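A short worksheet on the structure shown next.
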Amino acid sequence: MRTPFDAALQERMMRYAAIDSQSDETSPTQPSTAIQLDMSNMLVEELKGIGAQDVVLTEYGVVLATVPGTADGPTIGFCSHVDTAPAFDATDVKPRVHPEYDGSAITFPDAPGLELSPETVPYLGEKIGCDIVTASGATLLGADDKAGIAIIMTMAEHLISSPDIARGPVRLAFTPDEEIGRGVDPRLPDAFAVDFGYTLDGSKPGEIEYETFSADGAEVTVTGVAIHPGLATGKLVNALHLAAKIIETLPQATRTPEVTSGREGFWHVYEMNGTAAKATIKIILRDFELDGLEATGAMLRSVCDAIAATEPRAVIDCTIRPQYRNMRYWLEKDMTPVELARDACRDVGLEPVSVAIRGGTDGSRFTEMGVPCPNIFTGQQEIHGPREWIAVQDMALATEVCLALEERAEKG
Ligand SMILES: [Zn+2]
């Protein structure tokens, strides 16, 4: 149960979680919020302190560093993100440790009534005896992805102090703005300079993921005809009515996130605003296969066309832009990085599992841009909400997998 890494991982998780580094989709800046740099600058100092080399904070907000190799072997990268999700309050996080968890319901001082219990979260019941970290109820914890950073830092520290471990060079990257899909700047893959990499951003021990959604984003703009309602007879064309009809006509009962699972794709309207004169609908389109993604986009366009045909005085525009692609398209051509991580799991006594992620990671973009980059578990659970938690011993398992992977890569 206890490993030599527990104390360092717990200390880092607590310290990192207390730093507010939430990203903001509505901000045009890079990084999207200046507070993320508080975290990044602290990591720069910490990396120098543990003896990492080539430590830089790039102009696009990514912390990069090297742990020089001790032998021949591929250059492997490890990446996690400094930002926490905009989906829930992330200011003034007060992390709490529940040492040697006893299996009872965990309550939260800042949210009476909120409960985290093995009855609703069975995996928590498997963690009796472990040290559990939660927030205080008012905020998310931010184990997504500060657990990833804590694991990578602890691994790097161990490698630097263990010159006897034969392995190639290790590169580290801590990105901003992953949660808003802006973590991988076009300049980053070259600057990372690795043969392949891993994001540390998954959940349960043993998870090695190499499939994500393929993703497009759509924006539908409806321009009606505006006029004073008292003079509107036969003249007003209400953009809000037409926008509502578009949403109503799309397949809500069969193709939305709340009714799909597994390998099914979806469309999801996440923002709608406007006036009677002009309305905008923002929609994300997701599918594991490109033809499925294409079909969902075609369906959206045909619905827009059909509603436009009912009202020739309105103008309906539908623009669809690519966001990221399923990393499997590239990784299945060379599964070496995936197999290496799976073997490393077995080395530490874990059975590897690969499930398709119903989302994207920085690794989706890295892989598409030429750096194969599957995802490794960190232990993070119930992310993006006040019940978010993590077991320190799960983080220790991830640290051991990274170290086993390094040792194997040199031999291979
Ligand atoms: Zn994450």
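Take 781 as the starting number for the sequence shown in this note's numbering and just add one per residue.
Note that the Cβ used here is the ideal one computed from N, Cα and C, for glycine as well.
Computed from a predicted model, the values in this text were never measured in an experiment.
Beta-ladder partner(s) of residue i, from DSSP
i: Y1104; result: A995
i: K1062; result: E999 and E1051
i: N1155; result: T979 and E989
i: I1170; result: V913
i: E895; result: T887
i: D924; result: Bridge partners of D924: none, in fact.
i: H938; result: Answer by DSSP bridge pairing: none, since H938 is not bridged.
i: C1098; result: V1000
i: A845; result: L952
i: D1067; result: S994
i: F1046; result: R1066
i: I932; result: I932 pairs with nothing; no bridge assigned.
i: I1137; result: T992
Cutoff 8 Å: residue i Cβ touching any chain B Cβ
i: D872; result: Considering every chain present, this structure includes no chain B. It has just one protein chain.
Boundaries of the beta strand (DSSP E) in which residue i is found, first to last residue
i: P1026; result: Note that residue 1026 is Ile in the sequence shown, not Pro. From DSSP, I1026 is part of no beta strand (DSSP E) but of the alpha helix (DSSP H) over A1019 to T1029.
i: F858; result: I856 to H861
i: R876; result: R876 to H878
i: D1142; result: No beta strand (DSSP E) holds D1142; the alpha helix (DSSP H) holding it covers D1142 to E1148.
i: L1130; result: No beta strand (DSSP E) contains L1130, which DSSP labels as neither H nor E.
i: L837; result: Q833 to L837
Nearest residue (CA-CA) to residue i, options the options
i: I1096; options: E1148, V1005, S812 and R951; result: V1005
i: M1066; options: A1059, G1077 and D975; result: Note that residue 1066 is Arg in the sequence shown, not Met. R1066 has its Cα closest to that of G1077, out of A1059, G1077 and D975.
i: P949; options: S994, D975, E906 and G883; result: D975
i: L1120; options: R1167, V1181, I940 and K984; result: V1181
i: E1168; options: S884, A788, K874 and G1045; result: K874
i: I1163; options: K1062, A1019, N821 and G982; result: G982
i: I1255; options: L894, A1176, C910 and I932; result: One cannot answer for residue 1255 here, as it falls past the ends of the chain, which runs 781 to 1192.
i: T1029; options: R951, P866, D882 and V1083; result: V1083
i: G1140; options: A918, D852 and F1068; result: F1068
i: G997; options: A867, Q1103, L896 and D869; result: Q1103
i: P898; options: H1048, I886, I1027 and P1009; result: I886
i: G1014; options: E1091, S941, A946 and V901; result: E1091
i: V1172; options: Q833, G977, T914 and M1079; result: T914
i: K1025; options: T1034, T1060 and D852; result: T1060
i: D834; options: A1075, R951, R1122 and A1023; result: R951
i: K828; options: L844, I815, L817 and A814; result: L844
i: C859; options: F972, L1185 and A867; result: F972
i: E763; options: D1071, K1062 and D944; result: Look at the range of the chain in this structure, 781 to 1192, and you will see that residue 763 is not part of it.
i: I940; options: A832, E1190, Q816 and L1183; result: A832
i: T1001; options: P1009, P969, I1100 and D911; result: I1100
i: L920; options: R1188, Q1160, A1176 and Y978; result: Q1160
i: Y978; options: R795, F888 and T1147; result: T1147
i: A787; options: R962, C910, P866 and A798; result: C910
Beta carbon of residue i nearer than 8 Å to that of residue j
i: R1145; j: V964; result: yes
i: A953; j: V842; result: yes
i: R792; j: A930; result: yes
i: M1107; j: G1143; result: yes
i: S801; j: V862; result: yes
i: T871; j: D924; result: no
i: P879; j: D1174; result: no
i: T1179; j: F785; result: yes
i: G928; j: L980; result: yes
i: G917; j: D882; result: no
i: R876; j: F993; result: no
i: V836; j: A936; result: no
Inter-residue Cα distance where the pair is residue i and residue j
i: G1129; j: N1053; result: 51 Å
i: G849; j: C1153; result: 20 Å
i: S803; j: Q810; result: 10 Å
i: T1040; j: H938; result: 43 Å
i: E1131; j: E958; result: 28 Å
i: W1110; j: E991; result: 10 Å
i: A1089; j: I960; result: 35 Å
i: A1019; j: A1086; result: 15 Å
i: L894; j: C1098; result: 42 Å
i: P1194; j: E1038; result: Outside the shown range of the chain, which is 781 to 1192, sits residue 1194, and nothing can be said about it.
i: L1070; j: A1056; result: 36 Å
i: I1007; j: Q1032; result: 32 Å
i: S1134; j: I988; result: 5 Å
i: V1118; j: V1017; result: 55 Å
i: E906; j: R967; result: 42 Å
i: L1073; j: S942; result: 47 Å
i: D1123; j: T934; result: 21 Å
i: A1184; j: K1191; result: 11 Å
i: Q790; j: E999; result: 43 Å
i: M1112; j: M794; result: It should be noted that the sequence gives Glu, not Met, for residue 1112. In a straight line, the C-alpha of E1112 is about 37 Å away from that of M794.
Range of the contiguous alpha helix (DSSP H) that encloses residue i
i: L827; result: Q816 to I830
i: F972; result: L968 to F972
i: D786; result: D786 to A797
i: A1121; result: T1116 to D1127
i: P808; result: Per DSSP, P808 belongs to no alpha helix (DSSP H) and is neither H nor E.
i: Y840; result: Run containing Y840: none; DSSP gives neither H nor E here.
i: G905; result: P902 to G905
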